[in-house]
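These notes concern the structure reproduced below.
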Amino acid sequence: MIEAVADRLLYFVVAVLLGIGLYMTVASPNLVKKVIGVNLMQTAVFLLFVTLAFVEGGSAPVVSQEAVAGRHASPLPHVIVLTAIVVGVAVTALALVLIIRLYVGFESLREDVIQEVRRND
Amino acid sequence: MIDSFAELAPAILVGLPILAAAFPLLLGRLWTRIGWWISLVTTLAMTGIAAVLAYSVHVNDAVHHHLGGFAPPIGIELVADALSVWFAFLIAATATVVLAYTYQGGPRGRAFSSVYLLLIGGLMGIALTGDLFNLFVFLEITGIAAYSLIAARQHRDAAYAALKYLIIGTVGATLYLIGVAYLFMATGSLNMVDVSASLAGGGSADIGVPLYDEMLVRAAFAFIFAGLATKVALFPVHSWQPDAYSEAPDAVTVILSALVSTVAAYALIRVTFTVFTPAFFEVTPAATTAIVTLGVVSALVGSILAVLQSRIKRMIAYSSVAQFGLVVAAIGVATGPIPAEFALAGAIIHLIGHAIMKGGIFAAAGAIAASTGARTVQEYAALARRRPGLAACVAVLGFALVGVPPSIGFIGKWYIALGAVESEMWLVAVVVFISTLLTLGYVARLLERMYFILPEDAPSAVVTDGGDGVSIGMLLVVVLAVALTVVLGFLGGPLFELVDPYIQEVLHG
Amino acid sequence: MSEVDSLRPLAVVLISLVAVGLIITSHRRPNVRESWSVLAAVGKFAIVASMLPGVRDGTVYVWRFETIVPHVDLSLRADPLGMLFALLASFLWIFTAFYATGYMRGLDEHAQTRFFAAFAASLSAAMGIAFAGNLITIFLFYEMLSIVTYPLVAHDETDEARIAGRKYLAYTFLGGGVLLLAGTALVYWLTMVHADPSIAFQAGGITELVAASDADPWPARIAFLALAIGFGVKAAVMPVHAWLADAMVAPTPVSGLLHAVAVVKSGAFGVARVVLDVFGVDLVADLGMDVVLAGMAATTIVLASFIALRKNNLKRRLAYSTVSQLSYIVLGVALLNPLAVLGGLLHMPAHAFMKLTLFFCAGAIHVETHTDDISDMAGIGRRMPLTMGAFAVAAAGMAGMPLLAGFVSKFYIVTGGIDAGMAIFAGALIVSGVLNVAYFWPVVYTAFFETPERHDPKPIVEHDRAPFRHFVSDGGDAHHDGHHGGPPPGGWEARSPLTESTWFMLGPIALLVTGAVILGILPGEAVFLDLVEQIVEGAVGGVDR
Amino acid sequence: MSESERVRQEYTQSPIILTTARILAPFVLTYGLFITFHGADSPGGGFQGGVIIATTVYLLAFTFGVEPTSTWVGHRSMAILAAGGVIIFTGIGFATMALGGNFLEYAEFVAILDLPENEVVKWGMEAVEIGGIAAIIAGVVMALVFLTAGGYGPERGEEP
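Sequences listed follow chains U, H, P and V, in order. Note that the numbering used here numbers the first sequence so that position 12 is 12, with each residue one more than the last. Counting the second sequence from 1 gives a position; the numbering used here is that position plus 1000. Counting the third sequence from 1 gives a position; the numbering used here is that position plus 2000. Counting the fourth sequence from 1 gives a position; the numbering used here is that position plus 3000.
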């Protein structure tokens, strides 16, 4: 059992991060923490990609004169992660801009308060 | 000539709006209206290109464009086949038409034009890409553009709706990405066709045995479906949609309702039939059950929630939840053990039809709000006397939504119903037929208020600010939607012929 | 039988649609507007009539359009059965158009443009139903009919009218949008299993359907029930009849349209199409559905007659009479015997003429005296002699008196029923005939042989039994003017037939009642009998008289 | 006066931080450019480089205050960076198509450049990375700091 966990340690980390992120997104009433939760989820997925690209004993996938042959880590997941990070940054930034607008409008960062105000409108 | 041009058309369709998106930002200082004209020229050009591409694909064969010249499975490819070209055309044409609405109806400004074009580029990318990860990127581009457009209305409620959509949408996209990661683990590839072949035991992975019963693959499907269901707004994860549709500026609601969820549903069809293929569902019947159940529940609950709404835009938004429920149920039916061509045709046609009808209704609701200030069912009282033309358009589109022939709404529903009967999924069949009555529930409520409330019964507190703010462009959008809805209602046969090649390919090899 | 491509069926449908446009555009000038109605009515009848000789010679006029769904064209075919309905509806529309003008102006109703536009559109839909060449096409027009008659039912814009309108929409969409579509999809699927799907009407039934239902009869049975009940909703077969009585809040010309000209007839016509041209009499018998349908019809006939007895509002009593009489048509068709089918189809024009007369009479009374309840009508025969005379004749026809229209058709149904060995259904007809007398005679008696002062109590209607009180105090036409009806303080004044009402209304009444008499005395001379014989010959087999 | 505005006004930094930032900024910028230029054949690239270039502006903004930095950089230059990057990126993509290849098929530049194919591909990639991606990222990320830190006051048209 322990062995099985140890072998797949990184995957467990991914799962735990994902769980924490999702929980934060759903349960936290604070909008900023919700966004942090979403970020955690995204990070978990980046880790998942990096993990599955890992090759034991492999070198970085950079082609140079010396290391043409030999084991390489797959470059594709890295490209994916890079792109996904950029996407994540854009989403986070937009979320923060919106949260600032909400704060100006509602004078609160808590979802329950905002909903209360909206109901009373 | 056309063929060699068609080879390049997919890249132009995706690249052009993104390129054009840069110009309003740069040139907006010179002339405030320039963003609109840039958008118009771009979308018109795209419509033309999409039409040529569609013709070429229809006459000849699917077009594959390898980005950077790298062949799949390593490179990313854009694919224009018998399914994607029609959606590409729908996107380009709708984007052009909605511009007519925004000329006077707003929102305006260079930032709006840029984001609008970015949205079109993202949607086009979803329609044309042949790569699973690339699909994610375009989903997110579409998402970011959509969130920004909703927030373009300078009201705190709009910001709240945008943030809600952002959080739910991003979680959905993340779930989708996990699914893609699992598929990548299983097959080592991201190209849709290659992944599909690898799952069947061939492809670049070349394992020799089908991977359909692998837990990894099943989990991948579950994650991808959950992610896309969020973007489509199926029942339990639909909650962003009513807020987003009702808080966005009217013109943005039109384009959102017509295209955004539609294209997400298209992505679901793509993944379900091109990547996983019916063979997967044969091994995993539970997946079929799950899709069908979610679709059916969504169709029922969405309609019921729609009846309960008092604000027009929210009501129509919940109606979208219900209609997409029908579409997803049809997708599920088509994956069932008995190959149901009609169900898949129904899903596709209803998707396109829904885009036209919903876009039209939202445009009409926007025009009505602009001219009379009426935004709730209550305020629509005796509207037929004040705005007979718009009221009539709402009536026609409403009945089309119910599924009254001759209308595109009927054609879609007929195919879905027939598909359900064909594959002997009686529950779905019953729900499709019952949904007529449910839809009638909220449509009739609206019509009754518009036509059969005497002026003295109408609330005197109808807001009349804004004055007569209806422009010709707004009316044009509404009338065009009505005309298309009715005319396409006579063309169910030809419509089927157009998507039939794709259906034959995925269902019968 | 030869098929001829022709635009005439399309023209019949389009002419009143064009009229709709003209009516709406000339909404500021009532005289021009109403003349469009009349012109369209006459033109429509002329086109239908022009096809009659050809159809009698076995020609079928066909118009086809693009495939709406694979293997199904949008097609209009003028075959004998379609001609029967089309001829009837277009002929009666002429009267209704005149009458409606008189009625609406007499009461100075609101929203007349919407009213006349919807009226013309509903006739267009009725023609479409008559000439529809397949189940999809008939569905299309069936739904259209539901929609365009909805404004008519909800015309008054009172709460009562809105509720009636809602009920009407819900019922007809249950019938049309749900059951009819489901049945059509099932038939399409059943025929698809063996060959190319085919849902076009064929005299004697769709041949592929027979093969398909051999394997497993249950889908075919469900399809039959869905279609029969789907059309049955409009034909007000019990238990889906409730909308019809509530729809009485509508203006009287609408009631005429609903009951006699287009709407309920389209339901009965649809049932006939399903039995004769979709499934065919043999298959229906094989599936054992004839007994089910006939049972439903017979129950409706008897029950509705009983309910009619208890109605004090004249229009409501007529409504339940319609519920009962329409099931005669359904019953005749369901018995599958050539004679019974003949009788059932023949009852379509017979009932139309008589019921239209009755409603026009009720409407004329309403316009002239604002009286709706039978108990208020004591001695009204003095005030409106011609109207009540016509009423008496039509009522007698309803009850099946010889020499009147109702007798011929009922006679055939009864003989057919006995021939088919289903005497129990024939018995239902006899019972109903007696009940007909029981609920129409008091009206005539009250009108002619009583005065407001000397007014016999009518125990069944007026006896106050607390738990059933709501039966007595049912509503009826909304009294927007606040006038409650009933005789004026000094009793009814006597008027001559020439001055009792406007000739816009009296003319149609007089002509219609004459028509009802002609149908009864000389059924062979009126074109309907020949047409019905031709239908029965094509769909069931020779008529052995 | 909202809390954020009050904080902004009291915002002054010690001379140590001011000096450090002044000295550090050019090096950060150089490092960013270095990373950017190394996209085609060694670890690096436009994404990372662009972010680091933008970090320079972040550093300045945190040191000298958001408003002055925003004025100094100017909305227009950020728009030009981002929009220009998009134009260069898609422009190169369409240029290869105009030369008869696919979108971003750099090898097509062989026709107009007198270089071996792998060099052409390398320079094409560099052009996209530097002119396209890095510019877009730098422009957008710079804009983000002003957008978020600047706040959304009522003066920007917010309805209550």
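The beta carbon of each residue, even a glycine, is placed where N, CA and C say it ideally should be.
At a cut-off of 7 Å between C-beta atoms, A1444(H) counts as an interface residue with respect to chain P. With a cutoff of 7 Å on beta-carbon distance, D2290(P) and L2336(P) are scored as near each other. Taking A1054(H) as the centre and dropping the five residues before and after it, the same chain places the C-beta of V1085, W1086 and F1089 closer than 7 Å to its C-beta, in chain order. Exclusion of the five residues before and after A1220(H) leaves G1179, Y1182 and L1183 as the residues of its chain whose Cβ lies within less than 6 Å of its Cβ. DSSP links R2077(P) through a beta bridge to V2062(P). The straight-line gap separating the alpha-carbon atoms of R2077(P) and V2004(P) is approximately 9 Å. Excluding its 5 nearest sequence neighbours in each direction, K33(U) has C-beta neighbours in its own chain below 8 Å: M24, listed in chain order. About 13 Å separates the beta carbons of V2527(P) and L2345(P), which is beyond the 8 Å limit, so they are not a contact pair. The segment 2384-2395 of chain P makes no contact with the segment 2407-2425 of chain P, as fewer than three CB pairs between them are under 8 Å.
Beyond the five residues adjoining it in sequence on each side, V1396(H) comes within less than 6 Å, by CB distance, of V1482 in the same chain, given in chain order. Closest in alpha carbon position to V1171(H), among P1210(H), V1487(H), F1225(H) and T1102(H), is F1225(H). Comparing C-alpha distances from L3099(V) to each of P1107(H), P1073(H), A1082(H) and G1069(H) shows the shortest one belongs to G1069(H). Annotated three-state conformation of E2157(P) is coil, per DSSP.
If you ignore the 5 residues before and after R2495(P), its C-beta comes within less than 8 Å of the C-beta of R2382, R2383, M2384 and P2385, all in its own chain and listed in chain order. The residues S1198 and G1201, in chain order, have a CB closer than 8 Å to that of I1207(H) in the same chain once the five nearest residues on each side in sequence are set aside. When DSSP reads this structure, E1077(H) sits in a beta bridge with H1066(H). Comparing alpha-carbon positions, the option among T2059(P), F2095(P) and A2117(P) lying closest to V2018(P) turns out to be A2117(P). Here the C-alpha atom of L2039(P) lies approximately 12 Å from the C-alpha atom of I2047(P). Nearest Cα to G2538(P) within the set L2258(P), R2029(P) and V2060(P): V2060(P). Annotated three-state conformation of V2004(P) is strand, per DSSP. Among the bridge pairs identified by DSSP, T1376(H) is matched with R1311(H). Burial check for N2031(P): the Cβ neighbour count within 10 Å stays below 16, so the residue is exposed. Distance between I3136(V) and R118(U), taken at the CA atoms: about 37 Å.
For the 7 Å CB-CB criterion, V1254(H) and V1478(H) do not form a contact.
Non-local beta-carbon contacts of L3113(V) in its own chain, meaning distances under 6 Å to residues more than five positions away in sequence, involve V3120 in chain order. One thing to note: L1123(H) has its Cβ no nearer than 7 Å to the Cβ of T1096(H). One thing to note: A2226(P) has its Cβ no nearer than 7 Å to the Cβ of L2293(P). Between the segment 2253-2260 of chain P and the segment 2272-2282 of chain P there are fewer than three inter-stretch CB-CB distances shorter than 8 Å, so the stretches are not counted as touching. Runs of the alpha helix (DSSP H) lying entirely within the segment 2369-2446 of chain P, each at least 4 residues long, are 2380-2383, 2385-2399 and 2405-2419 in chain order. The Cβ of T3148(V) sits closer than 7 Å to at least one Cβ of chain U. Non-local beta-carbon contacts of L1166(H) in its own chain, meaning distances under 6 Å to residues more than five positions away in sequence, involve Y1147 in chain order. By the CB criterion at 7 Å, T3090(V) and L1019(H) fall inside the cutoff.
Counting other Cβ atoms within 10 Å of its Cβ, N2436(P) reaches 16 or more and is therefore classed as buried. Sequence-distant Cβ neighbours of V2431(P) in its own chain, meaning closer than 7 Å and more than five residues away, are V2302.
The beta carbon of I2199(P) sits no closer than 7 Å to any beta carbon of chain H. Between L2257(P) and D2057(P), the alpha-carbon positions lie close to 31 Å from each other.
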